[in-house]
Amino acid sequence: MDVYEAVEGRRAVRAFSDEPVSQEVLERVLTAAARAPSSGNLQPWHVYAVAGEPLAELKRRATARALAGDPGDEREYPMYPVELASPYTDRFAAAAAQRYEALGIERDDPGRPMKIAALNSQAFGAPLVLFCYLDRTMGPGQWADAGMYVQTVMLLLRAEGLHSCPQVMWTMYRKTVSQLVGADDGLVLLCGVSVGLEKEGTPPLRTGRADMTETVNFIGI
Numbered sequence: 002m003d004v005y006e007a008v009e010g011r012r013a014v015r016a017f018s019d020e021p022v023s024q025e026v027l028e029r030v031l032t033a034a035a036r037a038p039s040s041g042n043l044q045p046w047h048v049y050a051v052a053g054e055p056l057a058e059l060k061r062r063a064t065a066r067a068l069a070g071d072p073g074d075e076r077e078y079p080m081y082p083v084e085l086a087s088p089y090t091d092r093f094a095a096a097a098a099q100r101y102e103a104l105g106i107e108r109d110d111p112g113r114p115m116k117i118a119a120l121n122s123q124a125f126g127a128p129l130v131l132f133c134y135l136d137r138t139m140g141p142g143q144w145a146d147a148g149m150y151v152q153t154v155m156l157l158l159r160a161e162g163l164h165s166c167p168q169v170m171w172t173m174y175r176k177t178v179s180q181l182v183g184a185d186d187g188l189v190l191l192c193g194v195s196v197g198l199e200k201e202g203t204p205p206l207r208t209g210r211a212d213m214t215e216t217v218n219f220i221g222i
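Here it is in structure tokens:
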């Protein structure tokens with residue numbers, strides 16, 4: 002697959018089939034992804050690939066917490082800035098409205114938070130989830146490296162005909178995740194990435210993007 006095709010085809014899929022992901026394909030993707038940019042070649046990411054019964058058990062535990070109205074574990078890093086202004090709030094609201102509609106959840110539904118948490122805790126039906134951690138001693142530069150690594154993984158998955166969905170939601174249940182995968186207290190969970198084939202018959206959702214002129218300035222060009 003052409004790189005442009007992979008970038009264009011990558012989107013957060015929220016409905017997966019239960020067909021398992023080939024270990025051969027997964028190892029090929031993760032081996033190649035190691036070439037992602039890494040300042041000082043620290044390669045700060047620690048990845049746990051979870052599937053089969055261990056993933057099913059994790060989904061059961063997380064979903065039980067979600068359906069019980071558990072607000073989740075104390076966050077170790079903020080998902081968004083406390084003070085978010087336009088145009089960021091506008092983009093956020095527009096994308097959220099699209100997601101809720103695609104998931105069949107009314108925006109004014111009082112049970113919306115619990116329903117969304119339950120769907121997330123099921124990894125949208127994905128047969129595989131990659132959990133990306135960093136050592137707690139790492140700083141903003143290494144977090145940026147981990148983000149580039151995760152993006153590289155998702156693009157390589159597209160090249161293999163697979164889809165993904167990055168989920169910061171898993172940090173809400175980080176203690177449950179760490180207990181199951183065996184991650185020690187010296188690691189902090191960045192996100193989970195659900196992986197698999199898209200469920201047939203699911204209407205594709207693509208959130209909009211700002212025009213290039215809104216985010217890019219050309220100087221001396």
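Numbers given in the working numbering equal positions in the sequence shown, counted from 1, plus 1. Glycine included, each C-beta is placed from N, C-alpha and C at the ideal position. Please read these numbers as outputs of a predicted model, since none were measured by experiment.
Residue nearest to Pro-141 within the set Ser-40, Ser-23, Ala-13 and Gln-24 is Ser-40 (criterion: CA-CA distance). Around the CB of Thr-90, fewer than 16 other CB atoms lie within 10 Å, so the residue is classed as exposed.
DSSP places Asp-136 in the uninterrupted beta strand (DSSP E) bounded by 129-136.
By the CB criterion at 8 angstroms, Met-149 and Ala-37 fall inside the cutoff.
Glu-199 has Phe-17 as its beta-bridge partners, per DSSP.
Per DSSP, the continuous alpha helix (DSSP H) segment holding Ser-179 begins and ends at 175-182. Taking the CA atoms as reference points, Val-196 sits about 35 angstroms from Asn-218. For Ala-57, the closest C-alpha among the options Asp-19, Met-170, Asp-186 and Thr-153 is that of Asp-19.
Proximity of the stretch 25-32 to the stretch 175-186 falls short of the contact definition, fewer than three beta-carbon pairs being nearer than 8 angstroms. Shown here, Gly-193 sits in a strand according to DSSP, grouped into three states. Distances from the alpha-carbon of Ala-145 to those of Ala-97, Tyr-5, Trp-46 and Ala-184 put Trp-46 closest. Within the same chain, Cβ atoms closer than 6 angstroms to the Cβ of Asp-74 are found at Arg-175 and Lys-176, the five residues on either side in sequence being excluded. A direct Cα-to-Cα measurement between Ser-23 and Thr-153 gives close to 18 angstroms. The three-state reading of DSSP puts Ala-50 in strand, counting E and B together.
Of the candidates Ala-33, Gly-221, Phe-93 and Thr-64, the residue whose Cα lies closest to the Cα of Ser-122 is Thr-64. In the displayed model, Pro-167 falls within a strand according to three-state DSSP.
Bridge partners of Leu-188 according to DSSP: Asp-136. DSSP, reduced to helix, strand and coil, places Gln-44 outside both helices and strands of the structure shown, so it counts as coil. Separation of the CB atoms of Pro-88 and Pro-21 is rounded to 41 angstroms, and the pair is thereby denied contact status at 8 angstroms. Here Val-8 is exposed. Its C-beta has fewer than 16 other C-beta atoms within 10 Å. Ranked by how close their Cα comes to the Cα of Ala-52, the residues Ile-220, Arg-210 and Val-194 have Val-194 in first place. Within the same chain, Cβ atoms closer than 7 angstroms to the Cβ of Leu-157 are found at Val-30, Ala-33 and Ala-34, the five residues on either side in sequence being excluded. Remark: C-beta atoms of Ala-16 and Thr-203 approach each other more closely than 8 angstroms.
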